[in-house]
Amino acid sequence: MRGIALAPFFYILSHRKAVEESKMFGLNWLKSSVPAGRTQKEKAGIQFLASLLVCYPEIHAARYEPKQETLTMDFLLKGDILQEKFEHFAKLLDESITTYHVLQDGLSIEFSLSGESYGDSMAVLHIMRDVFSIKRGELTLMADLFLDFFDDRLVVDDHEPGTLAEDFLDMQSEILDQILSQVSELHLRSRMVGIREGDRVVVYDR
1333 MRGIALAPFF YILSHRKAVE ESKMFGLNWL KSSVPAGRTQ KEKAGIQFLA
1383 SLLVCYPEIH AARYEPKQET LTMDFLLKGD ILQEKFEHFA KLLDESITTY
1433 HVLQDGLSIE FSLSGESYGD SMAVLHIMRD VFSIKRGELT LMADLFLDFF
1483 DDRLVVDDHE PGTLAEDFLD MQSEILDQIL SQVSELHLRS RMVGIREGDR
1533 VVVYDR
């Protein structure tokens, strides 16, 4: 694994502009409609982060950086995380993802895991991946590893897939699969962050 570190990370959301915030079936949730005036690439980027958060309630937030063409996913934990446990999980994650790609596509991928603790109350772990080689199966593997390793310490959104309307979840899952298959052709140009605000998924660009 490359870039494993337990170092401070700050992401400022000031002067941001909301580009996706809507309702679904009576829930304050995301809808696939995107504000008019957006290019197809901008719409795809917005939908990418939104669908990612809908399909994976284990992911607390996600950021896309166009210069590096990387996706960073944040996982929120209750309580502190010791360096020894962090390194244990980092090794497990590295071995699991590497094995996945060896078996699936033979790719040698680059990713980093970093994190920080906020006293004894909360910790955040960040996984950064290039968007070109990330696969749907890898995302599912990551989510499963976090759940298995941290159990009830992992903060999972209340609107997990089992509580959402099946047709809505199926639609978001199909959209995510489609964007992942085309992401190498999209070359998204906007910096974006997708977060959970209460019972909503909101995507901002900067």
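With this note's numbering applied, the sequence shown covers 1333 to 1538.
Every residue gets a Cβ at the ideal spot worked out from N, C-alpha and C, and that includes glycine.
**Message:** I'd like the span of the alpha helix (DSSP H) that includes F1407, first residue to last.
**Reply:** Here residue 1407 refers to the residue found at position 75 when the sequence shown is read from its first residue. Careful: F1407 lies outside any alpha helix (DSSP H), inside the beta strand (DSSP E) at T1402 to K1410.
**Item:** Span separating the alpha-carbon of M1405 from that of T1371
**Value:** Counted from its first residue, the sequence shown places residue 1405 at position 73. Counted from its first residue, the sequence shown places residue 1371 at position 39. Those two C-alpha atoms are separated by around 24 Å.
**Item:** Spatial distance of L1445 from E1498 (CA atoms)
**Value:** Walking along the sequence shown from the start, residue 1445 turns up at place 113. Walking along the sequence shown from the start, residue 1498 turns up at place 166. If I take the Cα positions, the gap works out to 33 Å.
**Message:** Count Cβ pairs between the segment 1521-1529 and the segment 1373-1381 that sit closer than 8 Å; are there 3 or more?
**Reply:** yes
**Message:** Taking 8 Å as the cut-off, does the segment 1393-1408 touch the segment 1455-1470 (at least 3 CB pairs, one atom from each stretch)?
**Reply:** yes
**Asked** In terms of alpha-carbon separation, which member of Y1536, D1412 and Q1400 lies closest to F1482?
**Response** On the sequence shown, residue 1482 is found 150 positions in, with the first residue counted as 1. For F1482, the nearest C-alpha among the options comes from D1412.
**Prompt:** With a cut-off of 8 Å, do at least 3 Cβ pairs link the segment 1432-1450 to the segment 1413-1422?
**Reply:** yes
**Asked** Which same chain residues, not among the five before or five after D1489, have their C-beta less than 7 Å away from its C-beta?
**Response** Reading the sequence shown from its first residue, position 157 is the one you call residue 1489. Result list for D1489: P1389 and R1528, in chain order.
**Message:** Looking only at its chain, what residues have a beta carbon closer than 6 Å to the beta carbon of A1393, apart from the 5 residues adjacent to it on each side?
**Reply:** On the sequence shown, position 61 is the one that residue 1393 refers to. These residues qualify, in order along the chain: D1406 and I1527.
**Prompt:** Between S1465 and the rest of its own chain, which residues show a CB-CB distance below 6 Å, the 5 nearest in sequence each way excluded?
**Reply:** By one-based count along the sequence shown, residue 1465 stands at place 133. Once the five neighbours on either side are set aside, the close Cβ partners of S1465 are L1439 and I1441.
**Message:** Quick check: L1409 and M1474, are their CB atoms within less than 9 Å of each other?
**Reply:** Within the sequence shown, residue 1409 is the residue found at index 77, counting from 1. Within the sequence shown, residue 1474 is the residue found at index 142, counting from 1. Cβ distance not < 9 Å, so L1409 and M1474 don't count as in contact.
**Message:** Taking the beta carbon of Q1504 as the centre, do at least 16 other beta carbons fall within 10 Å, making it buried, or is it exposed?
**Reply:** Here residue 1504 refers to the residue found at position 172 of the sequence shown. Counting Cβ neighbours within 10 Å, Q1504 comes out buried, since at least 16 surround it.
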